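Asks: Protein chains in written order, with this note's numbering: chain E, 4 to 137; chain C, 4 to 137.
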């Protein structure tokens, strides 16, 4: 192969890779299962984001192995409706490939996970299992 | 420059690009504002996912312009806690750069958005504004 051909192939490869990754998260996430752990806001309820981000979420993520695609953390700021209270102080979300694998991994560690709750919050979470449609 | 140098530079560029994009969504999303529109489940409440995905969400997304980074749709499957009802039938989420720009864009279209609700659901949504921490 001559140099021009090699360069052309390389540039084509770069171009294809860039094009294929145009919307990486949207393509990669469709069909995944989300486990969203939502901490409701209420008077007197507390949440330590620093502990949650540096200790609790990494601990739980560590149980999930290769089934875990990614996890996210968000901090509640406000209700999107006027004159409504903040719905949730924080939400932690695990994106996994298989719900049954998630359940099998978390099951034996449920007590350890629950025992860590008082280290960062005094509210019981709501947990939603959902499927990424888009 | 000789051919080896050109090829080395090209390969370095490819390598750097690939490394930089290892976790594209996580890096790109931190600091973004999420507006999560959550439709609670309750007896007798309905939700038409097909209409929501093909008509309602694209309509709202169309108001948001370049401020919108992406939007996602998820379908509620179950509570993550035993013997608890499904918390939400569906959640639609807009990831935006600026909350004030979002509000300015949605404000004049609020009535049109609300008028579309009965086309796919009979439940009033809970709306959470949050910040992506990770």
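Don't be surprised by glycine CBs; every beta carbon is placed ideally from N, CA and C. Since the structure is predicted, the reported quantities are computational estimates derived from the model, not experimental observations.
(1) What would DSSP say about residue 20(E), mapped onto helix, strand or coil?
(2) Using only the alpha-carbon positions, how far apart do residue 92(E) and residue 42(E) sit?
(3) On the premise that residue 71(C) lies in contact with residue 97(C), defined as a C-beta separation below 8 Å, what is that separation, rounded to the nearest angstrom?
(4) Have a look at residue 103(C) and residue 86(E) and give me their C-alpha separation to the nearest angstrom.
(5) What are the complete alpha helix (DSSP H) segments, minimum 4 residues, inside the stretch 71-116 of chain E?
(6) Report yes if the C-beta distance between residue 133(C) and residue 39(C) is below 8 Å; otherwise report no.
(7) What separation, rounded to the nearest whole angstrom, lies between the Cα atoms of residue 106(E) and residue 75(C)?
(8) For a test of the three-state rule: what should DSSP assign to residue 136(C), helix, strand or coil?
(9) Candidates 67(E), 129(E), 44(E), 116(E): which alpha carbon is nearest residue 88(C)'s?
(10) Below 7 Å CB to CB, which residues in the same chain sit around residue 60(E) once its five sequence neighbours on both sides are set aside?
(11) Consult DSSP for residue 35(E) and reduce its assignment to one of helix, strand or coil.
(12) Three-state secondary structure (DSSP) at residue 43(C)?
Replies: The structure says:
(1) Below a pLDDT of 50, predicted positions are generally treated as unreliable, and residue 20(E), at 49, falls in that range; the measurement from the model is reported next regardless. It is helical.
(2) 6 Å
(3) 6 Å
(4) 17 Å
(5) 102-109
(6) yes
(7) 24 Å
(8) coil
(9) 129(E)
(10) 74, 76, 95
(11) coil
(12) strand
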